[in-house]
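Residue numbers (this note's numbering): 7 to 182.
Beta carbons: idealized from backbone N, C-alpha and C, even for Gly.
Below: one structure, written as C-alpha cells.
Spelled out as C-alpha cells, the structure:
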C-alpha cells in the first residue's frame, strides 16, 4: 500500500468534495516518492539507472504483505548488486523508495541483555495507526478511528530497525 499512494490520482480520489483539492496536496507533501521496477513500469530501466547512479539516496523494499525469509530492504551500495541479481519476475516483488533522512537526537538506549548506552545518537520513528472504512461508490466515510500511536527508536548508525531483531526499542515521545 505504501507505494500505491504515490501513484498519480490515488490520493486525489479520496478528496473529491468542493474545496478539498488542497487536502490531497497536503497529503502528497508528506509522502515519500517511490517507484515500481517491474515490467509494468514503463520507466523501470530509467529508474534503475537513477538508483545505480546515487544508491545512497534510495531504499529497495519488498512489496508483498506477509512474512518473507531473508532480507526485505536493501540500502545504499547493496541496491545495485541486488538489482543486477533479480529476474524481471523477481523485480515485480520490489519497489524503490526515496531514503528518509531522519533527525538524529541524543537519548539513552536500554535493551534486555545488553549494556545500557547513555547519551547516544538515535533516530526515533513515530507510527500513527488508524483505519478508515468508507463507501467507494459514494465517497462517504462510514467509520474512522485512530486506535494508537507507537514510537520506536534505533541507534542512528543502524540502517534498519526492528524491536524483535534487537535493533530498536519502544520509546516515548518527549513533548515540549
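Write down the C-beta distance between residue i and residue j rounded to the nearest angstrom, noting that I regard them as a contact closer than 8 Å.
i: residue 100; j: residue 43; result: 6 Å
i: residue 158; j: residue 182; result: With a Cβ gap of about 20 Å, residue 158 and residue 182 do not count as contacting.
i: residue 110; j: residue 127; result: 5 Å
i: residue 133; j: residue 155; result: 7 Å
i: residue 2; j: residue 58; result: Here the chain has residues from 7 to 182 only, and residue 2 is not among them.
i: residue 64; j: residue 98; result: Between residue 98 and residue 64 the Cβ distance is about 18 Å, and since that is not below 8 Å, they are no contact.
Is residue i buried or exposed, if buried means 16 or more other CB atoms sit within 10 Å of its CB?
i: residue 9; result: buried
i: residue 69; result: buried
i: residue 19; result: exposed
i: residue 53; result: buried
i: residue 93; result: exposed
Taking only three categories from DSSP, how would you classify residue i?
i: residue 104; result: strand
i: residue 123; result: strand
i: residue 219; result: This structure leaves residue 219 out entirely; the chain is present only between 7 and 182.
i: residue 149; result: strand
i: residue 165; result: coil
i: residue 56; result: helix
i: residue 131; result: strand
Find the nearest neighbour of residue i within the set the options, judged by alpha-carbon distance.
i: residue 38; options: 11, 29, 77, 178; result: 11
i: residue 55; options: 46, 32, 89; result: 89
i: residue 169; options: 24, 151, 131, 60; result: 131
i: residue 107; options: 30, 33, 166; result: 166
Looking at C-beta atoms only, is the number of pairs between the stretch 110-126 and the stretch 159-175 that lie closer than 8 Å three or more?
Yes: at least three Cβ pairs fall under 8 Å.
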